[in-house]
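These notes are about the structure you will find just below.
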DNA sequence: GAATAAACGAGACGGTACGTCTCGTCTTATG
DNA sequence: CATAAGACGAGACGTACCGTCTCGTTTATTC
């Protein structure tokens, strides 16, 4: 979303280079504000005031405040959650879903939910989240599924995308549409149900 | 949400009665505006202008514009989708999920998604949707599950709530977080996967 | 400039009537700010803050801050300076020019000069000042001249507009383009020179 | 206003010498911009873009954009209008006022008016214009008056400054405060009225 | 049939955030 | 070291929408 590297022709552009400090100050302030009062309470003026970066500069690098929010959110996330690969698809799924559940229940869970909410009205936010968050997670899910199939643990006749939906969908459903608890027990129960199925053999 | 019957002391209150026509005009205008431009484009002034009902009257009967939106949305929905009861849990689930899928893919799907989005920042909207939409649907899902268990088709050792999450969660996940297709085939695939499970026996 | 009387069809318009208090509060605050710091220091936010009237309301009734300034200036001026008519054109001119001189040298002189300055770049301000200030003054000047001609005191072969320019022009010239003093002696000297002419008979 | 000769210690300063070309490019671009869109449309960024001189350089040599404007305006003016000295004060005044009138009515007349306007809020601009424009013109006027007095054409008992105000004031008054025409006939009428006076002998 | 009570349309209003603009300063790399 | 390029902080601008308010009008029940 941000022109992280607008280096056009040569390796170094003429003129004063973009201040990396400004960028990080903006992202830090934004992340703080979102944690404190949510997406709505995060106004551009507040970001400017807290970060010490002027509004003009903010609007130079981000098209609007939601773009800043997404950027701040993604930067703040420890994206290095990694893909579990224990040799058991069941265990891998359990680890992955537990991780997501913990994240949702943690301090950034509400922020994430609000960004997903904003995405329903803002295609740019939607695309950004899809590309930088959902894509990564789904890729992890697909990897677990594929390895499980290869090892003979999982059914090969199920569409990979459907499989991923089945495991991850219920967690997001709880986050966004119910006020049901999001804890480890729930995570495990979802994974087990998804693996074994609802029907009796 | 609306004080449909604020009849306080007696059966008939003194003074001019509330205009039922105003109420329906507001809801109709709101539904139209949401379909045309989404939740964001629906401003209170526009509702007032299109419905011919003054802003003061709108704010007299609804606490804010999102309450109007939820009300309009629920009124416009054909709530009479009913609970399928064919004697087969698989068929019942398939009918239910197909219904939801069609609704999501239809003209009011985006409106619904945006309301869910708004709910992430607005507890009142969230409560309203949960009580008047999710509750109904989940009740249907629970019924199907319970009957399936009673008939010996479904596993009795799975939590009912988890079961409902497993069937309905993936659909909402697709609606809100991916741009994956929402069609009949997807609906059936989800139901089948949920019933049979991902794991090989 | 302001729609002072937007009374359309009937004697009373529908809806909440415009607050006369808001209007006067805005004009008062604006006049104060102009006196305190000049036209430049007078910002819309300051007017709003000091008057207690919101920016939106200000922009509803005036197209921009300069329109407010002109309105405030004209309202604050005691327009009832009246037209002198002593029976002597010389005396009348002396009274008129003294009045203008005093005004220019007074607390609102700088404000007036800055408005004239603004008018050079803003046709709307220019028109407003011309119509509501210059027109009145010139009319007074023309009256004095005409009566003087009728009484046989002044030359009938001089264009009235030129005559008015000759008496009033030098005063404004001093105000706007020199830092020469603006006092009673100057006023009288200008009038005397204009009446007698520079040339020897 | 500009440090035209910042020759410090020796005849040749160390470092890269100031580019005379930059200076003229800035002034030319500024004059063009003022003619095209007036003083308001002339922004520092536009001057930099059109002249090829960086903003930093501009601000190094001029304190602000109005100083550039004044400088550009004075440079662009054909200051070589000279002082008429025909042997007749009436003719000399007529020539001088015609010259001023033509200038005001010409392409730079609006620019001049806007600078005078800016001067009402900016003492530096005011001083610059007074010293470099008004002073010269008034000196010409004083010369004509003094020679006329010496030749016995003009009254010796009138203050020289008042005399100059009487001749030049009406022209500027028309430029700044009315939309009356500025043509040769007007110029001549003003001079004649100023010389003969309004009063009958 | 008047008096009372409440709903209603019209629209002005205060508040708040938005995103844009220009000014004048600064920080690089280049000549 | 002067410059071109251009990022930056400051802060005013004018707009949009929200939800409240103040009118006068309309429509019912109550006395």
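Residue numbers (my numbering), protein chains in the order written: chain C, 1 to 201; chain U, 1001 to 1201; chain E, 2001 to 2201; chain Z, 3001 to 3201. We put the beta carbon where it would ideally sit given N, CA and C, even for glycine.
Of all the residues that make up the region 3164–3189 of chain Z, which are near chain E by a beta-carbon distance shorter than 8 Å?
3165, 3166, 3167, 3168, 3169, 3170, 3171, 3172, 3173, 3174, 3176, 3177, 3178, 3179, 3180, 3186 and 3189
In or out: residue 138(C) buried (at least 16 other Cβ within 10 Å) or exposed?
buried
Hey, does residue 1143(U) have any beta-carbon neighbour from chain C nearer than 8 Å?
no
Would you please state the rounded distance, in angstroms, between the beta carbons of residue 2039(E) and residue 2128(E)? I believe it to be under 8 Å.
Incorrect: roughly 14 Å between the Cβ atoms, too far for contact.
Rounded separation between residue 131(C) and residue 142(C) - CA only:
Rounded to the nearest angstrom, the gap between the Cα atoms of residue 131(C) and residue 142(C) is 15 Å.
Any Cβ of chain U within less than 8 Å of the Cβ of residue 29(C)?
no
By the criterion of Cβ-Cβ separation under 7 Å, what are the contact partners of residue 2121(E) in chain Z?
3038, 3039, 3040, 3114 and 3117
Below 9 Å on C-beta distance, what does residue 47(C) contact in chain U?
Simply none; closest approach about 18 Å.
The region 86–97 of chain C / the region 24–35 of chain C touching (three or more Cβ pairs under 8 Å):
Not touching, per the Cβ criterion.
Under the rule that 16 or more other beta-carbon atoms within 10 Å means buried, what is residue 1200(U), buried or exposed?
exposed
Are residue 2172(E) and residue 3059(Z) close, meaning C-beta to C-beta below 8 Å?
Taking 8 Å as the Cβ cut-off, residue 2172(E) and residue 3059(Z) do not qualify as a contacting pair.
Tell me, please, whether the region 2099–2116 of chain E touches the region 2048–2064 of chain E by the rule of three or more beta-carbon pairs shorter than 8 Å.
Not touching, per the Cβ criterion.
Residue interval of the alpha helix (DSSP H) (run including residue 56(C)):
55–61
Is residue 154(C) near residue 145(C), with beta carbons less than 8 Å apart?
yes
Which runs of the alpha helix (DSSP H) at least 4 residues long sit entirely within the region 2162–2191 of chain E? Give them in chain order.
If you keep only unbroken alpha helix (DSSP H) runs of at least 4 residues inside the region 2162–2191 of chain E, you get nothing at all.
Nearest candidate by alpha-carbon position, reference residue 2020(E), set 2051(E), 2182(E), 2037(E) and 2186(E)
2051(E)
C-alpha distance - residue 1028(U) paired with residue 1162(U), whole-angstrom precision:
37 Å
Tell me the residue span of the alpha helix (DSSP H) that contains residue 2114(E).
Residues 2109–2119.
On the DSSP bridge list, what partners appear for residue 2154(E)?
3199(Z)
Which residues in the same chain as residue 2188(E) place their Cβ atom closer than 7 Å to its Cβ, once the five residues preceding and following it in sequence are excluded?
So the qualifying residues of the chain are 2094.
If contacts are defined as beta-carbon pairs under 8 Å, then residue 25(C) and residue 53(C) qualify, I think. What distance do you get, rounded to the angstrom?
6 Å
At what residues does the alpha helix (DSSP H) containing residue 2088(E) begin and finish?
Counting along the chain, residue 2088(E) falls outside any alpha helix (DSSP H), and DSSP gives it neither H nor E.
Using a Cβ-based criterion (distance less than 7 Å to any ligand heavy atom), does residue 15(C) qualify as near the ligand ZN?
Here there are no bound small molecules, and the ligand ZN is not part of this structure.
My understanding is that residue 156(C) touches residue 149(C), with C-beta atoms under 8 Å, so please give their C-beta distance in whole angstroms.
Under the criterion of beta carbons closer than 8 Å, residue 156(C) and residue 149(C) qualify as touching, at roughly 5 Å.
Under 8 Å between C-beta atoms, does residue 2100(E) make it to chain Z?
no
Residues near residue 3044(Z) by beta carbon distance below 7 Å, same chain, minus five either side
Correct list, in chain order: 3055, 3058 and 3065.
Using a Cβ-Cβ cutoff of less than 8 Å, which residues in the same chain neighbour residue 3109(Z) once the five nearest sequence positions on both sides are dropped?
3103, 3175 and 3182
Suppose you measure from the CA of residue 2037(E) to the CA of residue 49(C); what does that come to, to the nearest Å?
27 Å
Contact criterion: CB-CB distance below 8 Å. Does residue 2082(E) meet it with respect to chain Z?
no
Distance check for residue 2166(E) and residue 2180(E), CA to CA, integer angstroms please.
As the crow flies, the alpha-carbon of residue 2180(E) is around 18 Å from that of residue 2166(E).
Find the nearest neighbour of residue 3107(Z) within the set 3073(Z), 3159(Z), 3124(Z) and 3147(Z), judged by alpha-carbon distance.
3073(Z)
State the CB to CB distance for the pair residue 140(C) and residue 96(C), rounded to an integer number of angstroms; the pair is presumed to be in contact (CB under 8 Å).
6 Å
Just to check my reading of the structure: residue 198(C) and residue 1190(U) have Cβ atoms closer than 8 Å, yes? What is that Cβ distance to the nearest angstrom?
The Cβ separation is near 12 Å, so there is no contact.
If you draw a straight line from the C-alpha of residue 3061(Z) to the C-alpha of residue 3186(Z), how long is it?
Distance between the alpha carbons of residue 3061(Z) and residue 3186(Z): 41 Å.
Alpha carbon of residue 1022(U) to alpha carbon of residue 1047(U), nearest angstrom
11 Å
According to DSSP, simplified to helix, strand and coil, what is residue 3050(Z)?
helix
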